[in-house]
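Following: one structure in structure tokens, then a few remarks.
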């Protein structure tokens, strides 16, 4: 587990997660219209009250009209977060890294910050805070598997 602040100025503390945390990501709005689509498994690399950074096999644009929902557990506390992609970059040879800014009420930002801070404190006191919600293997292998699974579940046209 790596602790520390990012080099960028941030409004909230950002926790780097190594190993990364599993999350279910769903596209919930595009240009203000609700969608009913499935979710994809992604890997959260860092998280704070203002946003997160994640890895995925899916290619998406940086666009404030695309609202994503992330659901995960940290310290057995459920987190449901909403945000839009600020930045996208290629990760490895064929995967993507995204920076997300949360688009939620201030109280939700503070709640995420509280959970992240409590996680950091517990991590420093007891190094065994990881659980089943953290990746235990290789990031690239996980993303390869997610890409393969999404091809199997995509209906033929």
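Numbering (my numbering), first residue to last: 5 to 161. Yeah, the Cβ is synthetic: ideal placement off N, Cα and C, and Gly gets one too.
Beta carbon of residue i nearer than 7 Å to that of residue j
i          : j           : result
residue 26 : residue 52  : no
residue 93 : residue 101 : yes
residue 59 : residue 47  : yes
residue 34 : residue 41  : no
residue 45 : residue 150 : yes
Residue from the options with nearest C-alpha to residue i
i           : options           : result
residue 56  : 79, 113, 125, 154 : 113
residue 39  : 61, 22, 106, 73   : 73
residue 28  : 43, 37, 83        : 43
residue 108 : 140, 115, 86      : 86
Span separating the alpha-carbon of residue i from that of residue j
i           : j           : result
residue 65  : residue 20  : 23 Å
residue 98  : residue 145 : 12 Å
residue 95  : residue 137 : 22 Å
residue 152 : residue 50  : 25 Å
residue 103 : residue 68  : 12 Å
residue 54  : residue 119 : 13 Å
residue 163 : residue 22  : This structure does not reach residue 163, given that the chain is present from 5 up to 161, and the question cannot be answered.
Exposed unless 16 or more other CB atoms sit within 10 angstroms - verdict on residue i
i           : result
residue 36  : exposed
residue 155 : exposed
For residue j and residue i, believed in contact at Cβ under 8 Å, the rounded distance
i           : j          : result
residue 83  : residue 76 : 5 Å
residue 147 : residue 61 : 5 Å
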